[in-house]
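Engineer: Quick note: the sequence shown, position 40, residue 40 per the working numbering, numbers continuous. Beta carbons are placed, not taken as given, at the ideal position from N, Cα and C, and that holds for glycine.
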Amino acid sequence: MDLSHILNHLGEDREQYFGAVSPPIIQTSNFALQDIAHLREAMLDEYHHHLYSRGNNPTVEILRKKLAALEGTEDALVVSSGAAAMAIAVIGVVQQGDHVICVQNPYSWTRHLLTEFLPRFGVSATFVQGDQLTAIEQAIRPNTRLLFLESPNTMTFGLQDLAACARLARQHGIITCIDNSCSSPLYQQPASLGIDLVMHSATKYLNGHSDVVAGVICGSSALIRQIFDRAFMVIGPLLSPSDAALVLRGLRTLPLRMERSRQSALSIADRLANHPAVARVIHPWRDDFPQQELAHRQMSGTGGLFSMLVRTEDKDRIYRFTEALERFLIAVSWGGHESLVFPIAAVYDLPGHDNPPFPVNLIRLYIGLEDPELLWADLKQALRHLED
Ligand SMILES: *Cc1c(COP(=O)(O)O)cnc(C)c1O
């Protein structure tokens with residue numbers, strides 16, 4: 001993969017825009033056609049023409065080309081959120097009566113999609129232990145249409161063997177799709193392992209500046225075209241040209257940001273693992289990670305996200321630790337420039353909600369682009385609150 005070419009030039013036809021280095025934001029809803037013949041042609045095939053920006057927009061197209069190239073797929077659709085990417089992809093490939101197999105404890109809105117939304121339209125789902133291929137195999141039914149993977153998981157970092165899952169699914173005529181947000185295309189390219197559809201919350205690493213919500217689905221021309229026709233044009237979750245331009249800008253520095261977060265996170269994870277207040281650090285690149293061999297086989301790194309299990313299960317102590325941090329923002333999401341802390345204890349006992357399927361002493365950290373020594377010093381001072 002010629003990363004430098006993809007990020008700096010691919011899809012950018014500068015001669016069309018006065019040689020402008022930065023692509024123009026083509027902020028238009030509508031496109032004028034030369035004559036009736038061109039209008040008729042565009043109406044027949046909106047996928048390949050500029051007719052209306054719900055379908056195609058030149059600024060958005062540059063982003064589509066770059067993201068498809070990064071994942072090594074023929075095409076990509078860019079949408080207004082990661083959740084929209086998951087929904088559009090699933091709705092685009094299933095029919096009434098179909099069955100979906102999904103890994104246990106996926107991203108919460110993926111779970112809602114499969115447990116609450118799709119059953120209303122006659123699509124059922126089974127959730128399986130993703131690290132056991134036999135569990136996936138046993139869940140296959142004659143009407144299974146889709147296998148939904150999320151590897152690594154963004155709380156527990158559980159992995160699935162992507163090549164084995166792709167082989168199994170192919171044998172049964174099942175489409176595979178993966179939420180690849182946690183790795184970015186730099187550290188994992190599922191299409192090269194046989195996965196059909198690769199999705200991201202582009203809100204996270206791809207944009208990387210915490211100022212846009214966006215999503216992407218990458219896959220073969222045929223599958224992307226099917227999703228475009230059956231779901232994207234009907235539901236209309238387009239990304240605005242100005243947001244696409246922001247994601248394009250974010251992409252320029254993706255490798256630099258990923259490398260900085262990766263190194264800082266590893267060094268902080270190792271130091272946390274040796275701290276008396278911490279029972280275990282969950283980071284796929286550490287030697288004590290149970291699926292480390294698989295991680296090294298199918299990924300080339302991990303970014304700034306990892307979790308730790310602290311020794312205390314006392315929520316007040318966990319809250320004191322969280323609030324004592326001065327350089328970590330208390331927030332969901334991740335993948336931006338800023339470091340974050342998310343204690344799972346905070347979403348226990350919410351009125352009207354089930355408790356999350358993760359232990360109460362799990363704290364997720366996201367290491368951003370700040371000086372890692374300052375972040376470590378901050379963690380060290382806050383960790384005292386877990387002990388006294
Ligand atoms: C954030 C996230 C999503 C949803 O993406 P949005 O852009 O917030 O809609 C999906 N999957 C994972 C793993 C995420 O972290």
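With DSSP as the reference, label N56 as helix, strand or coil.
Structural biologist: In the sequence shown, the residue the question calls residue 56 occupies position 56. The answer is coil: DSSP assigns N56 none of H, G, I, E or B.
Engineer: Need the endpoints of the beta strand (DSSP E) that M199 sits in, please.
Structural biologist: By 1-based counting over the sequence shown, the position of residue 199 is 199. It spans L197 to S201 - the beta strand (DSSP E) in which M199 sits, taken as one unbroken run.
Engineer: Is the Cβ-Cβ distance between G208 and R167 less than 8 angstroms?
Structural biologist: Your numbering for residue 208 matches position 208 in the sequence shown. Your numbering for residue 167 matches position 167 in the sequence shown. Their beta carbons are not under 8 angstroms apart, which means G208 does not touch R167 by this criterion.
Engineer: Going by CA-CA distance only, name the one from P356, K380 and I62 that's closest to R327.
Structural biologist: Indexing the sequence shown from 1 puts residue 327 at position 327. Ranking P356, K380 and I62 by Cα distance to R327 puts K380 first.
Engineer: From the DSSP output, in three-state form, read off P190 for me.
Structural biologist: What you label residue 190 is simply residue 190 of the sequence shown in a count that begins at 1. In this structure, P190 counts as helix in the three-state DSSP scheme.
Engineer: Do I62 and G97 have their C-beta atoms closer together than 8 angstroms?
Structural biologist: Here the question's residue 62 lines up with position 62 in the sequence shown. Here the question's residue 97 lines up with position 97 in the sequence shown. No, the Cβ-Cβ distance between I62 and G97 is not below 8 angstroms.
Engineer: Run through the DSSP bridge pairs and tell me what F342 is partnered with.
Structural biologist: Here residue 342 corresponds to residue number 342 of the sequence shown, with the count starting at 1. In the DSSP secondary-structure assignment, F342 is bridged to R364.
Engineer: With distance defined between alpha-carbon atoms, name the residue in E150, H172, A245 and S210 nearest to P190.
Structural biologist: As a first step, residue 190 must be located in the sequence shown, where it is residue number 190. Among E150, H172, A245 and S210, the Cα nearest to that of P190 is on E150.
Engineer: Is DSSP giving F157 helix, strand or coil here?
Structural biologist: Locating residue 157 in the sequence shown gives position 157, where the first residue counts as 1. Here F157 sits in coil by DSSP.
Engineer: Around the C-beta of N105, are 16 or more other C-beta atoms found within 10 angstroms, so that it is buried, or is it exposed?
Structural biologist: Along the sequence shown, one-based indexing puts residue 105 at 105. It counts as buried.
Engineer: Suppose you measure from the CA of S183 to the CA of V21; what does that come to, to the nearest Å?
Structural biologist: Residue 183 sits at position 183 when you count from the first residue of the sequence shown. Residue 21 sits at position 21 when you count from the first residue of the sequence shown. Distance between the alpha carbons of S183 and V21 is about 29 angstroms.
Engineer: Where does the unbroken beta strand (DSSP E) through D75 begin, and where does it stop?
Structural biologist: Numbered from 1 along the sequence shown, position 75 holds the residue referred to as residue 75. Its beta strand (DSSP E) spans residues D75 to V79.
Engineer: How would you write the range of the alpha helix (DSSP H) that R170 sits in, first residue to last?
Structural biologist: Along the sequence shown, one-based indexing puts residue 170 at 170. First-last of the alpha helix (DSSP H) with R170: L162 to Q171.
Engineer: Bridge partners of C102, per DSSP?
Structural biologist: In the sequence shown, counting from the first residue as 1, residue 102 sits at position 102. C102 pairs with F127 and F148.
Engineer: Express the C-alpha separation of E387 and V216 in angstroms, rounding to a whole number.
Structural biologist: What you label residue 216 is simply residue 216 of the sequence shown in a count that begins at 1. What you label residue 387 is simply residue 387 of the sequence shown in a count that begins at 1. Taking the straight line joining both Cα atoms gives about 43 angstroms.
Engineer: With a 10 Å radius around its C-beta and 16 neighbouring C-beta atoms as the bar for buried, classify P357 as buried or exposed.
Structural biologist: By one-based count along the sequence shown, residue 357 stands at place 357. Flag for P357 reads exposed.
Engineer: Between which two residues does the alpha helix (DSSP H) harbouring I88 extend?
Structural biologist: Translated into positions along the sequence shown, residue 88 becomes position 88. Residue range G82 to V93 is occupied by the alpha helix (DSSP H) that includes I88.
Engineer: Under a three-way DSSP split, which group does T176 fall into?
Structural biologist: For the purposes of this step, residue 176 is identified with residue 176 of the sequence shown, where counting begins at 1. Strand at T176.
Engineer: Is F306 helix, strand or coil by DSSP?
Structural biologist: Here residue 306 refers to the residue found at position 306 of the sequence shown. In this structure, F306 counts as strand in the three-state DSSP scheme.
Engineer: Note down, in chain order, each residue of its chain lying with its Cβ closer than 6 angstroms to the Cβ of G301, except the 5 sequence neighbours on either side.
Structural biologist: Walking along the sequence shown from the start, residue 301 turns up at place 301. Closer than 6 angstroms at Cβ, skipping near neighbours: Y187 and R262.
Engineer: Report, in whole angstroms, the separation of the C-beta atoms of T203 and S29, which I expect to be a contact under 8 angstroms.
Structural biologist: Reading the sequence shown from its first residue, position 203 is the one you call residue 203. Reading the sequence shown from its first residue, position 29 is the one you call residue 29. About 24 angstroms separates the two Cβ atoms, so there is no contact after all.
Engineer: Do you know whose CA, among L374, I344 and I227, lies nearest I88's CA?
Structural biologist: Residue mapping note: residue 88 aligns to position 88 of the sequence shown, counting from 1. Closest in alpha carbon position to I88, among L374, I344 and I227, is I227.
Engineer: For ligand 1, any of its heavy atoms closer than 7 angstroms to the Cβ of V60?
Structural biologist: If you number the sequence shown from 1, residue 60 lands on position 60. No; taking the cut-off as 7 angstroms, the Cβ of V60 has no heavy atom of ligand 1 nearer than that.
Engineer: Just to check, is the beta-carbon of T156 closer than 7 angstroms to a non-hydrogen atom of ligand 2?
Structural biologist: The model on display carries ligand 1 but not ligand 2.
Engineer: Alpha carbon to alpha carbon, what distance is there between P241 and I224?
Structural biologist: Position 224 of the sequence shown, counted from the first residue, corresponds to residue 224. Position 241 of the sequence shown, counted from the first residue, corresponds to residue 241. Approximately 20 angstroms between the Cα atoms of the pair.
Engineer: Flag T203 as yes when its Cβ comes closer than 7 angstroms to any non-hydrogen atom of ligand 1, and as no otherwise.
Structural biologist: Stepping through the sequence shown from its first residue, residue 203 is reached at position 203. Yes, the beta carbon of T203 sits closer than 7 angstroms to at least one heavy atom of ligand 1.
Engineer: What's the call for P290, buried or exposed, on a 16-neighbour Cβ count within 10 Å?
Structural biologist: Position 290 of the sequence shown, counted from the first residue, corresponds to residue 290. By the neighbour-count rule (16 or more Cβ atoms within 10 Å), P290 is not buried but exposed.
Engineer: Going by DSSP, name the residue or residues bridged to C182.
Structural biologist: Against the sequence shown, residue 182 aligns to sequence position 182. C182 is not bridged to any residue.
Engineer: Take E74 and list the residues in its own chain whose beta-carbon comes closer than 7 angstroms to its own, dropping the five residues that flank it on each side.
Structural biologist: Within the sequence shown, numbered from 1, the residue matching residue 74 stands at position 74. A68, S220 and S221, listed in sequence order.
Engineer: How about V310 and V278: are their beta carbons less than 8 angstroms apart?
Structural biologist: For the purposes of this step, residue 310 is taken as the residue at position 310 of the sequence shown. For the purposes of this step, residue 278 is taken as the residue at position 278 of the sequence shown. Going by C-beta atoms, V310 is nearer than 8 angstroms to V278.
Engineer: Smallest Cα separation from I6: which of P237, G368, P185 and R120?
Structural biologist: To locate residue 6, count along the sequence shown from 1; it is residue 6. Of the listed residues, the one whose Cα sits closest to I6 is P185.
Engineer: Which residue or residues does DSSP assign as beta-bridge partners of R280?
Structural biologist: Position 280 of the sequence shown, counted from the start, is the residue given in the question as residue 280. Paired residues: L309.
Engineer: For the alpha helix (DSSP H) containing V247, name the first residue and the last one.
Structural biologist: Locating residue 247 in the sequence shown gives position 247, where the first residue counts as 1. Note, V247: alpha helix (DSSP H), P241 to R252.
Engineer: If I'm right that L133 touches C177 with Cβ under 8 angstroms, what's the distance once you round it to whole angstroms?
Structural biologist: Translated into the one-based positions of the sequence shown, residue 133 becomes position 133. Translated into the one-based positions of the sequence shown, residue 177 becomes position 177. Contact between L133 and C177 is ruled out by a C-beta separation of about 17 angstroms, above the 8 angstroms threshold.
Engineer: 8 angstroms is my cut-off, CB to CB: does L77 come that close to chain B?
Structural biologist: The structure shown contains no chain B; it is built from a single protein chain.
Engineer: Express the C-alpha separation of V281 and L272 in angstroms, rounding to a whole number.
Structural biologist: In the sequence shown, residue 272 corresponds to position 272, counting from 1. In the sequence shown, residue 281 corresponds to position 281, counting from 1. Using only the alpha carbons, I get a separation of about 7 angstroms.
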